[in-house]
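Asks: In this note's numbering, the protein residues as written are 1322 to 1683.
What follows is a structure written as structure tokens; I'll ask about it next.
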């Protein structure tokens, strides 16, 4: 079965008033449209366009994300951490929709993001310590560079606004960094979140610039912040976010510290698989969801239920029992019994899917 879907964008202060509408050929609402969800998550479930019935539970969630301003510094839990946190907050009587709630469901939230705009900027993962020390050497702050030897303690001191943090934030915000990208990053963060210790923490993270079609995979525990651009996000069906700064939303530093992976290293880029010239596959090993990007005729093997979203051109999708046509801005739910899909058309089509027997993975 093929069933067309509809949903309305979710607003956030960091969203774009035009990007999602321009991508999908819709009229802009005038508000800061940040995300458009296609999935069954109860916070913003997609609906069948004909109004008949609701989506079944799905192990994945597809989102269009449009950032005009930086998102919060955040990380997501493992499966075990999510279940424990969800149970703990339920026992404490915290409403699922309460602003101070961290765990809104019992699932992990590893994220795959593919750049849809010409450029997508992000911060992701702790950079090598020597690189961070070089930045604080430029600031003539060997005392801060020394603190990096114990990264968990450094992050706790910083985000908890320990002694000397406010002075450091002011110094960083006013410094004329030699590197243009660093200078611009600090300037933008200082404008949006003046005095926030996340401005300093951002200097210790990998700066990532994705070109269109390039991807990031953000595993559990990876600190990150999306800065600007339009991306297609695929994740397990969860909205569990632990925030540490650069936001007006709930910040829970102890809980963030409990889930963070402090291992320094390169940015978590994901290399896609070029199946054919018209079919690119994005899939992180060990995770259930996968994302295909189709630009021409292609064949997609059966992977259980799927959601397809057309962002340019038009496509005909044919399964074992029926078929449908998608135009720009349209999305469709595909039941698993359709099996392999024959795709005919030109443009840009994203297809999110998961193996029929897959569960939530970390």
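Even glycine gets a Cβ: it sits at the ideal position worked out from N, Cα and C.
Do the CB positions of residue 1486 and residue 1494 come within less than 8 angstroms of each other?
Replies: Translated into the one-based positions of the chain shown, residue 1486 becomes position 165. Translated into the one-based positions of the chain shown, residue 1494 becomes position 173. Against a cut-off of 8 angstroms, the Cβ pair of residue 1494 and residue 1486 comes out as no contact.
Asks: Just to confirm the assignment: which complete alpha helix (DSSP H) runs, minimum length 4, are found wholly within the segment 1552–1586?
Replies: Entirely contained in the segment 1552–1586, the alpha helix (DSSP H) runs reaching 4 residues are, in chain order, 1574–1580.
Asks: Can you tell me the Cα-Cα spacing of residue 1682 and residue 1438, whole angstroms?
Replies: Reading the chain shown from its first residue, position 361 is the one you call residue 1682. Reading the chain shown from its first residue, position 117 is the one you call residue 1438. Low confidence applies here, because residue 1682 scores a pLDDT of 34, under 50, leaving its location unreliable; read the following figure in that light. In a straight line, the C-alpha of residue 1682 is about 29 angstroms away from that of residue 1438.
Asks: With burial defined as no fewer than 16 other Cβ atoms inside 10 Å of the residue's Cβ, what is the status of residue 1606: buried or exposed?
Replies: Taking the chain shown and counting its residues from 1, the one referred to as residue 1606 is at position 285. Under this definition residue 1606 is an exposed residue.
Asks: In terms of residues, what are the limits of the beta strand (DSSP E) holding residue 1687?
Replies: Absent from the structure is residue 1687, since the part of the chain shown begins at 1322 and ends at 1683.
Asks: Kindly indicate which three-state DSSP category residue 1643 falls into: helix, strand or coil?
Replies: Taking the first residue of the chain shown as position 1, residue 1643 is located at position 322. Correct three-state label for residue 1643: coil.
Asks: Measuring only the C-alpha atoms, how far is residue 1678 from residue 1625?
Replies: For this step, residue 1678 is matched to residue 357 along the chain shown. For this step, residue 1625 is matched to residue 304 along the chain shown. Unreliable positioning characterises residue 1678 in this predicted model, as indicated by a pLDDT of 41, which lies under 50. The coordinate reading is nonetheless provided below. Answer to the nearest angstrom: the Cα atoms are 8 angstroms apart.
Asks: Quick one: what does DSSP say residue 1493 is sitting in, helix, strand or coil?
Replies: Against the chain shown, residue 1493 aligns to sequence position 172. Residue 1493: helix per DSSP, three-state reduction.
Asks: Throw me the rounded Cβ distance for the residue 1668 and residue 1616 pair, which I believe falls under 8 angstroms.
Replies: Sequence index remark: in the chain shown, residue 1668 carries index 347 (1-based). Sequence index remark: in the chain shown, residue 1616 carries index 295 (1-based). About 7 angstroms separates the two Cβ atoms, so the contact holds.
Asks: Using DSSP with H/G/I as helix, E/B as strand and the rest coil, what is residue 1331?
Replies: Here residue 1331 refers to the residue found at position 10 when the chain shown is read from its first residue. Residue 1331 falls in the strand class under three-state DSSP.
Asks: Output the residue ranges of the alpha helix (DSSP H) runs that lie fully inside the segment 1323–1375 and measure 4 residues or longer, sorted by chain position.
Replies: 1340–1345
Asks: Report yes if the CB atom of residue 1519 is closer than 8 angstroms to the CB atom of residue 1567, and no otherwise.
Replies: The sequence position of residue 1519 within the chain shown is 198, counting from 1. The sequence position of residue 1567 within the chain shown is 246, counting from 1. Yes, Cβ-Cβ distance for residue 1519 and residue 1567 is below 8 angstroms.
Asks: For the candidate residues 1338, 1412, 1655, whose alpha-carbon lies nearest to that of residue 1629?
Replies: Mapped onto the chain shown, residue 1629 falls at position 308. Residue 1629 has its Cα closest to that of 1655, out of 1338, 1412, 1655.
Asks: State buried or exposed for residue 1408, treating a residue as buried only when at least 16 other CB atoms are found within 10 Å of its CB.
Replies: As a working note, residue 1408 is residue 87 in the chain shown. Counting Cβ neighbours within 10 Å, residue 1408 comes out exposed, since fewer than 16 surround it.
Asks: Could you tell me the alpha carbon to alpha carbon distance between residue 1448 and residue 1460, rounded to whole angstroms?
Replies: Numbered from 1 along the chain shown, position 127 holds the residue referred to as residue 1448. Numbered from 1 along the chain shown, position 139 holds the residue referred to as residue 1460. Rounded to the nearest angstrom, the two C-alpha atoms are 18 angstroms apart.
Asks: Going by DSSP, what residues sit across from residue 1547 in a beta bridge?
Replies: As a first step, residue 1547 is located in the chain shown; it is residue number 226 there, counting from the start. The partner list for residue 1547 (beta bridge, DSSP) reads 1443.
Asks: Could you check the C-alpha separation between residue 1344 and residue 1648 for me, to the nearest Å?
Replies: Residue numbering aside, residue 1344 sits at position 23 when the chain shown is read from its first letter. Residue numbering aside, residue 1648 sits at position 327 when the chain shown is read from its first letter. The alpha-carbon atoms of residue 1344 and residue 1648 are separated by roughly 12 angstroms.
Asks: Apart from the five residues just before and just after residue 1529, which ones in its own chain have a Cβ nearer than 6 angstroms to its Cβ?
Replies: To locate residue 1529, count along the chain shown from 1; it is residue 208. Around residue 1529: 1443, 1445, 1588.
Asks: Going by DSSP, name the residue or residues bridged to residue 1637.
Replies: Reading the chain shown from its first residue, position 316 is the one you call residue 1637. In the DSSP output, where bridge partners are listed per residue, residue 1637 has 1646, 1665.
Asks: Between the alpha carbons of residue 1346 and residue 1466, how many angstroms are there, rounded?
Replies: As a first step, residue 1346 is located in the chain shown; it is residue number 25 there, counting from the start. As a first step, residue 1466 is located in the chain shown; it is residue number 145 there, counting from the start. Those two C-alpha atoms are separated by around 49 angstroms.
Asks: Run the CB neighbour count on residue 1453, radius 10 Å, all protein chains shown included, and call it buried at 16 or more, exposed below.
Replies: Numbered from its first residue, the chain shown carries residue 1453 at position 132. With 16 or more Cβ atoms within 10 Å of its Cβ, residue 1453 is classed as buried.
Asks: Could you check if residue 1389 is buried or exposed, using at least 16 other CB atoms within 10 Å of its CB as the buried criterion?
Replies: As a working mapping, residue 1389 is identified with position 68 in the chain shown. Buried: at least 16 other Cβ atoms inside 10 Å.
Asks: In whole angstroms, what is the alpha-carbon distance linking residue 1365 and residue 1470?
Replies: If you number the chain shown from 1, residue 1365 lands on position 44. If you number the chain shown from 1, residue 1470 lands on position 149. Approximately 42 angstroms between the Cα atoms of the pair.
Asks: Taking all protein chains shown into account, decide if residue 1505 is buried (16 or more other Cβ within 10 angstroms of its Cβ) or exposed.
Replies: The residue you call residue 1505 lines up with position 184 of the chain shown. That one is exposed.
Asks: Near residue 1564, what residues of its chain come up, given a Cβ to Cβ distance below 8 angstroms and the 5 sequence neighbours on each side ignored?
Replies: Along the chain shown, one-based indexing puts residue 1564 at 243. The residues are 1393, 1394, 1395, 1570, 1571, 1572, 1573, 1577.
Asks: Using a 10 Å radius around the Cβ and a threshold of 16 neighbouring Cβ atoms, would you call residue 1473 buried or exposed?
Replies: As a working mapping, residue 1473 is identified with position 152 in the chain shown. With fewer than 16 Cβ atoms within 10 Å of its Cβ, residue 1473 is classed as exposed.
Asks: Just to confirm, is the Cβ distance from residue 1591 to residue 1538 under 8 angstroms?
Replies: For this step, residue 1591 is matched to residue 270 along the chain shown. For this step, residue 1538 is matched to residue 217 along the chain shown. Yes, these two residues count as a Cβ contact at 8 angstroms.
Asks: Go through its chain and collect everything with a Cβ distance to residue 1417's Cβ below 6 angstroms, but skip five positions before and after it.
Replies: Locating residue 1417 in the chain shown gives position 96, where the first residue counts as 1. Closer than 6 angstroms at the Cβ level, and outside the excluded window around residue 1417, lie 1425.
Asks: Among the candidates 1636, 1645, 1406, whose CA atom is the shortest distance from the CA of residue 1665?
Replies: On the chain shown, residue 1665 is found 344 positions in, with the first residue counted as 1. Nearest C-alpha to residue 1665: 1636.
Asks: How about residue 1379 and residue 1401: do their beta carbons lie closer than 8 angstroms?
Replies: The count along the chain shown starts at 1 and reaches residue 1379 at position 58. The count along the chain shown starts at 1 and reaches residue 1401 at position 80. Taking 8 angstroms as the Cβ cut-off, residue 1379 and residue 1401 do not qualify as a contacting pair.
Asks: Which residues in the same chain have their Cβ closer than 6 angstroms to the Cβ of residue 1662, if we skip the five residues on either side of it in sequence?
Replies: Mapped onto the chain shown, residue 1662 falls at position 341. Contacts found: 1621, 1638, 1640.
Asks: For residue 1533, which residues from the same chain have a beta carbon less than 6 angstroms from its beta carbon, with the 5 sequence-adjacent residues on both sides left out?
Replies: Translated into positions along the chain shown, residue 1533 becomes position 212. Correct list, in chain order: 1436, 1439.
Asks: Give me the Cα-Cα distance between residue 1558 and residue 1430, rounded to the nearest whole angstrom.
Replies: Here residue 1558 refers to the residue found at position 237 when the chain shown is read from its first residue. Here residue 1430 refers to the residue found at position 109 when the chain shown is read from its first residue. The alpha-carbon atoms of residue 1558 and residue 1430 are separated by roughly 7 angstroms.
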